[in-house]
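Read the structure below first, then the notes.
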Amino acid sequence: MSGGPDALRTALEGVGHLRTIAGASAHAGRTGVSEAKPLDAKPTPTHKHAHMPPTRPARRGTANQARLARENANDEIYEKIYVAILEHRLHPGTKLVEERLAEIFNVSRARIREVLARLAHEQIVELYPQRGAFVARPTIEQALDVFEARRLIEPAVLRRLIETLTPEKLAKLRLHQDLEQEARRRDDKRAVIRLSGEFHSLAAELAGNSALTRSMRELSVLTCLMIFLYDSPTTASCRADEHSQIIEAISKRDAARAEQLMLEHLEHIESSMKLDANEEQVDLEAIFKT
């Protein structure tokens with residue numbers, strides 16, 4: 001298990017202040033004017049709150065604003081942790097201490113628990129009773145499952161993307177690839193790892209299926225964790241030219257070519273990892289009797 005309080009602070013450096021959403025309440029007052037009444041007229045019943053603004057809608061609006069602020073703050077904390085894992089600043093097995101995260105993000109521990117529960121639901125974080133939350137450590141079996149899922153999902157993503165392709169979608173893919181290539185030119189390994197993983201999530205997002213988008217985000221970050229655990233010394237991310245080739249096939253609306261390139265791309269990533277379970281077997285007798 002790696003990481004501690006100092007490692008967690010280092011991993012989340014540059015977080016900055018979370019944006020806050022300040023709700024503004026409009027105050028409106030009404031002035032009533034009494035009408036003259038005959039002396040023998042019966043008094044009109046006076047309603048206790050006749051001239052008071054309705055409080056229930058105001059309370060409902062304030063509650064909605066508070067909920068929106070909480071959700072936005074949670075989303076930003078989630079993204080900070082997600083990106084730290086994606087960039088290998090938070091290593092597999094790192095303990096995510098609630099108290100330290102609450103300090104770093106200047107929020108309550110309850111808020112941190114909400115974010116960690118969301119990450120655990122996506123299998124990015126593992127929660128253990130009485131022990132706490134840890135960055136996931138995918139097993140070899142889980143790694144093989146991830147690649148099997150990606151081989152099924154990503155060709156479907158590309159087919160749907162090509163069917164709904166627009167110049168704007170193609171421009172977003174090419175802009176993302178420009179950012180990845182620029183990160184490679186300046187040898188920014190963290191940015192390369194993050195952008196490589198996000199390329200696949202972006203393709204799913206542009207395909208327009210929210211379920212596929214959620215699945216690809218989860219699978220991409222799990223792949224990054226697996227690369228950290230099981231990669232060969234020369235592997236850090238996707239190959240430099242393969243995303244460009246996939247984008248070119250998409251631009252030509254060549255679904256068959258795009259799918260073939262994607263499957264080859266996934267094969268290259270998987271084959272670069274040490275996913276042979278036999279490597280984990282140790283001859284204890286040979287170790288202790290020599």
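In full-length UniProt numbering, the protein residues as written are 1 to 290. Every residue gets a Cβ at the ideal spot worked out from N, C-alpha and C, and that includes glycine.
Residues that G93 bridges to, as DSSP identifies them: Within the DSSP secondary-structure output, G93 pairs in no beta bridge.
Cβ-Cβ distance between A203 and L152 below 8 Å: L152 sits away from A203, with the two beta carbons spaced by 8 Å or more.
Proximity below 8 Å, CB of L275 to CB of Y230: yes
8 Å contact criterion, which V135 and V125 should meet: CB distance rounded: 6 Å
Cβ neighbours of E270 in the same chain (closer than 7 Å, five flanking residues each side left out): F147
Where the alpha helix (DSSP H) through E212 begins and ends: Before going on, a small fix: residue 212 reads as Leu here, not Glu. Per DSSP, L212 belongs to the alpha helix (DSSP H) from 210-230.
L127 - DSSP class collapsed to helix/strand/coil: strand
Proximity of V221 and I77 at Cβ, strictly below 8 Å: no
Sufficient close CB pairs (3 or more, under 8 Å) joining the region 157-171 to the region 208-221: With contact defined as three or more Cβ pairs closer than 8 Å, the region 157-171 and the region 208-221 are in contact.
Euclidean distance between Cα positions of I193 and N64: Rounded to whole angstroms, I193 to N64 spans 38 Å at the Cα level.
Length of the line joining the Cα atoms of E98 and L161: Rounded to whole angstroms, E98 to L161 spans 40 Å at the Cα level.
Contacts around Q123, its chain only, beta-carbon distance under 7 Å, and the 5 residues preceding and following it disregarded: Here the set comprises A136, E218, L222.
Where V107 falls: helix, strand or coil (DSSP): coil
Buried or exposed by the 16-neighbour rule on C-beta atoms within 10 Å, applied to T62: Counting Cβ neighbours within 10 Å, T62 comes out exposed, since fewer than 16 surround it.
Rounded C-alpha distance that separates F228 from S251: 32 Å
Alpha-carbon spacing of L90 relative to R113, whole angstroms: 18 Å
Limits of the unbroken beta strand (DSSP E) element including A136: Where A136 is concerned, there is no enclosing beta strand (DSSP E), because DSSP gives it neither an H nor an E.
Contacting residues, own chain, Cβ-Cβ under 6 Å from S201 (five flanking each side not counted): For S201, where only same-chain residues beyond five positions count, the Cβ hits under 6 Å are M216, R217, S220.
Environment of E180 [buried if 16+ CB atoms lie within 10 Å]: buried
Proximity of I247 and R185 at Cβ, strictly below 8 Å: no
Chain-order list of residues whose beta-carbon lies under 8 Å from that of E198 (same chain, five-residue window excluded): L86, H176, S220
Environment of Y82 [buried if 16+ CB atoms lie within 10 Å]: buried
Limits of the unbroken alpha helix (DSSP H) element including A240: Per DSSP, A240 is not a residue of any alpha helix (DSSP H), being assigned neither H nor E.
With 16 other Cβ atoms within 10 Å as the buried cut-off, status of E163: So E163 counts as exposed.
Distance CB(A73)-CB(V107) smaller than 8 Å: Yes, they are a contact pair.
Exposure of P92, with buried meaning 16 or more beta-carbon neighbours within 10 Å: buried
Contact check, E242 vs L261, beta carbons under 8 Å: yes
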